[in-house]
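Read the sequence shown against this note's numbering and you will find it ends at 242, with the numbers running on by one and no gaps.
Using N, Cα and C, we set each Cβ at its ideal position, and we do this for glycine too.
These figures come from a predicted structure and were not determined experimentally.
Read the structure below first, then the notes.
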Amino acid sequence: MRVTLCSAVFAIAATAASAGPVSFSSGWKEQRLSLFSSNDYSFGSSLGLVSKGSVSIAWTRVPQSDWGATGASWRWSVEQSVPATDLAKKGGDDRNISLYFVFVPESVAPSVANANIRSLLGNRDVRIIQYAWGGNTARGRIIPSPYGPAGQGVTIPLRKAGTGSHSESVNIASDFSRAFGGGNMALVGLAVSGDSDDTNSVIRAAIGNLSLK
């Protein structure tokens, strides 16, 4: 797997102090969304991915000590990009890289603490915010997910399709309220994906310095 991704950029970003860092070196698993489709992931100081006409998810559980996180920051980079797509279109919404935040009601969290991502995605109590680098939509727009039960997930684009390196900082509590109207929720899972199957294109991307706040 060839991932020649912005090691200098991540080294610079790592010098900044942050609270609640999320490790990419352990605890992450891939979940295929199709029997014949899979991305290539590399795990370490950052998470690198290569997607060649494919789609899958790398995910991890969030420890109970971070269930109450209300914000997050990270740095991501794209060396090779999918074309701009319609992020609201089922089966036509390729994007370079997405970071998912998976929530359940606080009262439900203990019962799903050990659930895998497939079980969580099939749980009607789950709510998902997906921050995406892709498409051609204005930053911060709430886009209802075309997948799963209505009202369960949203996409929030942060960067349009293209290459480069950027730092992000989001208020996930505020975005959750905008998307779902609020509620006492616990952040129980994180996931990263690359999606290039609809355009049969190639993605080379990475994400690092992820911190929950």
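Residue i and residue j look like a contact to me (Cβ under 8 angstroms); what is the Cβ gap, rounded to whole Å?
i: Arg124; j: Ala161; result: 5 angstroms
i: Ala83; j: Ser225; result: The sequence as given places Ser at residue 83; Ala does not occur at that position. Right, their Cβ atoms sit about 6 angstroms apart.
i: Gln60; j: Ile146; result: 5 angstroms
i: Phe72; j: Trp57; result: 6 angstroms
By the three-class DSSP mapping on this structure, what secondary structure does residue i have?
i: Pro92; result: coil
i: Leu62; result: coil
i: Ala43; result: Residue placement at Ala43 cannot be trusted, given a pLDDT of 36 that sits under 50; the coordinates are not used to answer.
i: Ala179; result: coil
i: Asp224; result: strand
i: Ser36; result: Reliability of the predicted coordinates at Ser36 is poor, the pLDDT of 38 falling under 50, and the value obtained from them is presented with this limitation in mind. The answer is helix: DSSP assigns Ser36 an H, G or I state.
Buried or exposed: residue i, going by 16 or more other Cβ atoms within 10 Å of its Cβ?
i: Asn238; result: buried
i: Thr89; result: buried
i: Ile171; result: exposed
i: Gly210; result: exposed
i: Pro186; result: buried
i: Ala98; result: buried
What does a CB cutoff of less than 6 angstroms around residue i pick up in its chain, not counting 5 residues either side in sequence?
i: Leu76; result: Phe53, Val221 and Ile236
i: Arg233; result: Val79, Glu108 and Gln109
i: Gly163; result: Arg124, Asn125 and Ala190
i: Ala202; result: Thr99
Which same chain residues end up closer than 8 angstroms to residue i when comparing Cβ atoms and leaving out the 5 residues on each side of it in sequence?
i: Gly193; result: Ser106 and Val107
i: Ala167; result: Pro186
i: Glu135; result: Trp96, Asn213, Met214 and Ala215
i: Gln181; result: Arg153, Val155, Arg156, Ile157 and Ser174
Just grab the DSSP bridge partners of residue i for me.
i: Ser80; result: Ile232
i: Glu197; result: Trp103
i: Pro50; result: Ser240
i: Ile157; result: Val131 and Gly182
Quick one: residues in its chain with C-beta nearer than 7 angstroms to the C-beta of residue i, no 5 flanking neighbours on either side, listed in chain order?
i: Asn165; result: Ala113, Lys189 and Ala190
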